[in-house]
Amino acid sequence: MNNADVAAALAEVAELLELKNESGFRIRAYENAAKALSNQTEDVRSLVATGGLVKIKGIGSGIARTIEELLSTGHIVYLDQLRSEFPEGVRRLMSVPGVGPSLARRVYVELGVTNLDEFRVAAEDGRLASLPGLGEKSAQNVLRAMERVNKQESRVSIGKAVPLVEELMDALKDVPGLDNLVPGGSLRRWAPTIGDIDIMGTSTDATVAMGCLVSLPQVRQVLSHGHTKSTIITDNGLQVDFRIVEAEAYGSLVQHFTGSRDHNIELREFALSRGQSLNEYGIQDVKSGTRMSFSDETSFYAALDLELIPPELREGRGEISAARARRLPNLVTLGDIRGDLHVHTEWSDGTLPIEAMVDAARQRGYEYMCITDHSGGIGVAGGLSEERILQQIDAVHEVAGASSDIHVLMGSEVDIRRDGSLDFPDQILERLDWVVASVHSGFNQPEEQMTQRIIRAMENPHVDAIGHPTGRLIGKREPYAVDMEAVFAAAARTRTALEINSFPERLDLVDVHARRAKDLGVMLVINTDAHAPIHLDNIRYGVAMARRGWAEPANVLNTKTFGDLCDWLKRDGP
Ligand code: DGT
Ligand code: CA
Ligand code: CA
Ligand code: ZN
1 MNNADVAAAL
11 AEVAELLELK
21 NESGFRIRAY
31 ENAAKALSNQ
41 TEDVRSLVAT
51 GGLVKIKGIG
61 SGIARTIEEL
71 LSTGHIVYLD
81 QLRSEFPEGV
91 RRLMSVPGVG
101 PSLARRVYVE
111 LGVTNLDEFR
121 VAAEDGRLAS
131 LPGLGEKSAQ
141 NVLRAMERVN
151 KQESRVSIGK
161 AVPLVEELMD
171 ALKDVPGLDN
181 LVPGGSLRRW
191 APTIGDIDIM
201 GTSTDATVAM
211 GCLVSLPQVR
221 QVLSHGHTKS
231 TIITDNGLQV
241 DFRIVEAEAY
251 GSLVQHFTGS
261 RDHNIELREF
271 ALSRGQSLNE
281 YGIQDVKSGT
291 RMSFSDETSF
301 YAALDLELIP
311 PELREGRGEI
321 SAARARRLPN
331 LVTLGDIRGD
341 LHVHTEWSDG
351 TLPIEAMVDA
361 ARQRGYEYMC
371 ITDHSGGIGV
381 AGGLSEERIL
391 QQIDAVHEVA
401 GASSDIHVLM
411 GSEVDIRRDG
421 SLDFPDQILE
431 RLDWVVASVH
441 SGFNQPEEQM
451 TQRIIRAMEN
461 PHVDAIGHPT
471 GRLIGKREPY
481 AVDMEAVFAA
491 AARTRTALEI
501 NSFPERLDLV
511 DVHARRAKDL
521 GVMLVINTDA
531 HAPIHLDNIR
541 YGVAMARRGW
551 AEPANVLNTK
561 TFGDLCDWLK
571 RDGP
C-alpha cells in the first residue's frame, strides 16, 4: 500500500460524503488529506513510523488515525460503511462532467440508477428528462458528456500531447496579428498525462485568429467558437482550449492558465496574507485599491517578492515557500544531458544495428552513450544468451574503437529474476562498462518479496542502476508493490543510480519519487530506453520529470562529463 493507494481511499471517502450531502467541511478535510498525501515525497508508512504524518499540512489527527487504521488492517471501517450505503457504480456517475453529487444522488434515489450504463439508458429513454427541474436539454448534455468521456478515454500521455501542440502552434505561427503563442495548463507544467490542451496568444485581431484555429485541418469538431476563447476536438480526439489574452496582462493571464489549480490557490492565499489580491488580470493592493498588471511572469512573481517559479514546479508542493526563501532549485535542463545510458539495438528487441544507434546519439551531440540490450531470461525481446553477449562485447568494442567523437560503452539491461538474482553471472557483468538491472516479469509478487528482489540486485557490485524502478505503464499497468523508502535507502547505501525512464508511457521514477531520491542523496540517471533512433528524442520527457522532481544537474549522473562518469563508475561498491 503506497501513498497513491491511501490517497485514493481518502478521496473515495470524500466522494461518498459528497454523495451523502455531508458538510463541506468534512469533505474538504478528506480531499485535502488525499491531496497532501499524493504530494508527499516520503512514503506514508515511514511517515507513520516516524510520527511525521500529523506534521503534514492538511492531515489532522483524526485522518491520521484513519490512515494508520488502513495501513495496519487494510481497511477503513468508516469507508466500508459508506460504501455499503451506495452501490459501487453510483460514485462513478460523478465522473461524468457536469454531474455533481446532488444529481448523482437523485438519479440513484429517484430512478434507481446504479451505474453508468443505466444512467445512459435513463438519459436516452426520457426518464432523466422527466425529473423535476431537469428537462430534455439536461439529458442531452449528460449524453454528450458521456460520449466525450468514452471517446477521449480521459487523459493522454504527454508524449502524445506535446507533438500535437507543436504542430498546432506551428500551423498558427503565421496568422497575421497573432503573437506570443504559448501552451498553458498541465502541458506547460509537463505533467505526465494531459486532460486537455491549453494554448494562449495575443492578437490584434482575435476574430481572425479564432477563425484560423477552427478551420485548421486537424480540427474534427468545434465545441465552441468565441471571440476570446474557442474549444475544438482534434482528429485524434484531444480537446484544445485556445484563448486570446490581453497583451497588457499577458504575464498574469499566462500564469493563471498555467496553473496548477493547487499552485494558484496557494499563491492567492499567500498574496492575501501580504495584503494583495490576485486574479487572472493582475494584482490589487487590498488597502489602497491600486491595481498592477504584468506583461511577463517574472514581474508578476516579483511583485509578490517571489523568484520566478518554473512551470514544472507549480504543483503546490512547497515551491512558494522555496521561492520566498530564494531557495528554488537550479533545475537540470535538456542541455545538461551528455549521454544516454540505456539504448537497445537489433541484437535484442531494438530495430537497428549498433552503428546506427551510435550514429543517432552522435547526431544529438552526445559525449557518450551505452548499448544495453536485454539479457536472455526475459524470454521475449530477443534477449541475449551468454554466448551472444560475449560476441556483442566484441562488436561494440569494435564500433567504439572506430568512433573518435563519441564514447561508446558496452552494457546490459540485465533482468532481475524473481529471487533477485541476475540473469548473467558476475564473470560476464564484470566485463561490462555499465549495468542496468530491471524487473520485467512477476509483477504481482507481494511487496516484501519485490522489495527484497530489487535490493538484492542493487547489492550486486556490478549493478550501476535500476531501470524503470516501479514498472508502471501509464493507463496499462499500475506500479508493482514495492517499498520505495527501502529501495531509496538501499540505493544510497550501495551507491546505485535510479533511472528516470523517458518513455512517455513509463516516466518512472515519477516526480515525487525522484524528489525523495534526491533528498536522500540517491543518484538519478535519465535514460530513453531507445529501441529506435527517434526514441532518443524522448529524453525531454525524462528531463521534465526530473525537473518536476526538483532535480539539479548534480543529482543526475548523465550530466557528468565522460571523465567524471568514469570516476563514478569506479566508485566503491556496497
Ligand atoms: P488538465 O487539463 O486536466 O491536464 O490540467 P490543467 O492544469 O491543464 O487544467 P485545465 O485545463 O482545467 O485549466 C488550465 C489552468 O487554468 C489550470 O491549471 C488552472 C487554471 N484555472 C484557473 N481557474 C480555473 C478554474 O476555475 N477551473 C479550471 N479548471 N482551471 C482554472
Ligand atoms: Ca489543460
Ligand atoms: Ca483547459
Ligand atoms: Zn530497456
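By the working numbering, the letter at position 263 of the sequence shown is numbered 263, and the numbering carries on one by one without gaps.
We put the CB at the ideal spot given by N, CA and C, even for glycine.
Original post:
With respect to 8 Å, is the separation between the Cβ of residue 233 and the closest non-hydrogen atom of ligand 2 below this value?
Top reply: no
**OP:** Alpha carbon to alpha carbon, how far is residue 478 from residue 234? Give it in angstroms, no decimals.
**Re:** 28 Å
**OP:** Provide the residue span of the alpha helix (DSSP H) that contains residue 8, from first to last.
**Re:** 3-19
Subject >> Cβ neighbours of residue 214 in the same chain (closer than 7 Å, five flanking residues each side left out) >> reply: 222, 225, 230, 232
Subject >> Extent of the continuous alpha helix (DSSP H) to which residue 250 belongs >> reply: 250-258
**OP:** Using the Cα positions of residue 574 and residue 521, report the straight-line distance between them to the nearest angstrom.
**Re:** Legend: pLDDT at residue 574 = 47, less than 50; position of this residue unreliable, no value from coordinates given.
**OP:** Would you decide whether residue 476 is buried or exposed? Buried here means 16 or more other CB atoms lie within 10 Å of its CB.
**Re:** exposed
Original post:
Going by Cα to Cα distance, which pick from 535, 505, 434, 179 is closest to residue 352?
Top reply: 535
Subject >> Under 5 Å, CB to nearest heavy atom of ligand 5: contacting residues >> reply: The model depicted lacks ligand 5 and carries ligand 1, ligand 2, ligand 3 and ligand 4 instead.
Original post:
Relative to ligand 4, is the shortest distance from any of its heavy atoms to the C-beta of residue 336 smaller than 8 Å?
Top reply: no
Original post:
If you measure from the CB of residue 191, is any heavy atom of ligand 1 nearer than 8 Å?
Top reply: yes
Original post:
Residues bridged to residue 413 by DSSP?
Top reply: 374, 436
**OP:** Closer than 8 Å by C-beta to residue 8: which residues in its own chain qualify, once you throw out the five before and the five after it? Chain order, please.
**Re:** 34
Original post:
Using a threshold of 8 Å, is the CB atom of residue 194 nearer than that to any non-hydrogen atom of ligand 1?
Top reply: yes
**OP:** State yes or no: is the C-beta of residue 242 within less than 9 Å of the C-beta of residue 201?
**Re:** yes
Original post:
Where residue 297 and residue 283 are concerned, what is the direct C-alpha to C-alpha distance, given to the nearest angstrom?
Top reply: 12 Å
**OP:** Please report how far the alpha carbon of residue 368 lies from the alpha carbon of residue 341, in whole angstroms.
**Re:** 8 Å
**OP:** On the DSSP bridge assignment, give the partners of residue 499 in chain order.
**Re:** 525
Original post:
Is the beta carbon of residue 374 within less than 8 Å of some heavy atom of ligand 4?
Top reply: yes
Original post:
Quick one: what does DSSP say residue 493 is sitting in, helix, strand or coil?
Top reply: helix
Original post:
What are the boundary residues of the beta strand (DSSP E) that residue 229 is part of?
Top reply: 229-234
Original post:
Any heavy atom of ligand 1 within a distance shorter than 8 Å of the CB on residue 186?
Top reply: yes
**OP:** Locate the alpha helix (DSSP H) running through residue 397, then write down its first and last residues.
**Re:** 386-401
**OP:** Take residue 523 as the anchor and find which of 557, 537, 550, 530 has the nearest alpha-carbon.
**Re:** 557
Original post:
Checking contacts by CB at 9 Å: is residue 392 closer than that to chain D?
Top reply: Of the protein chains in this structure there is only one, and it is not chain D.
**OP:** Would you decide whether residue 291 is buried or exposed? Buried here means 16 or more other CB atoms lie within 10 Å of its CB.
**Re:** exposed
**OP:** For the segment 429-447 and the segment 410-421, state whether three or more C-beta atom pairs, one from each stretch, are separated by less than 8 Å.
**Re:** yes
Original post:
When you compare each of 464, 170, 302, 189 to residue 180 by their alpha carbons, which one comes out closest?
Top reply: 170
**OP:** Return the bridge partner residues of residue 465 from the DSSP annotation.
**Re:** 436, 497
Original post:
Are the Cβ atoms of residue 309 and residue 543 separated by less than 9 Å?
Top reply: no
Subject >> Backbone CA spacing between residue 82 and residue 316 [nearest angstrom] >> reply: 30 Å
Subject >> For residue 95, the first and last residue of its enclosing alpha helix (DSSP H) >> reply: No alpha helix (DSSP H) holds residue 95; DSSP gives it neither H nor E.
Original post:
At a cut-off of 8 Å, is residue 436 close to ligand 4 when judged by its beta-carbon and the heavy atoms of the ligand?
Top reply: yes
Subject >> Contacting residues, own chain, Cβ-Cβ under 8 Å from residue 320 (five flanking each side not counted) >> reply: 263, 266, 267, 270, 306, 309
**OP:** Mark residue 257 as exposed unless 16 or more other C-beta atoms lie within 10 angstroms of its C-beta, in which case mark it buried.
**Re:** buried
Subject >> Of the listed residues 12, 254, 165, nearest to residue 580 (C-alpha basis) >> reply: Only positions 1 to 574 of the chain appear in the structure, and residue 580 is not among them; the question remains open.
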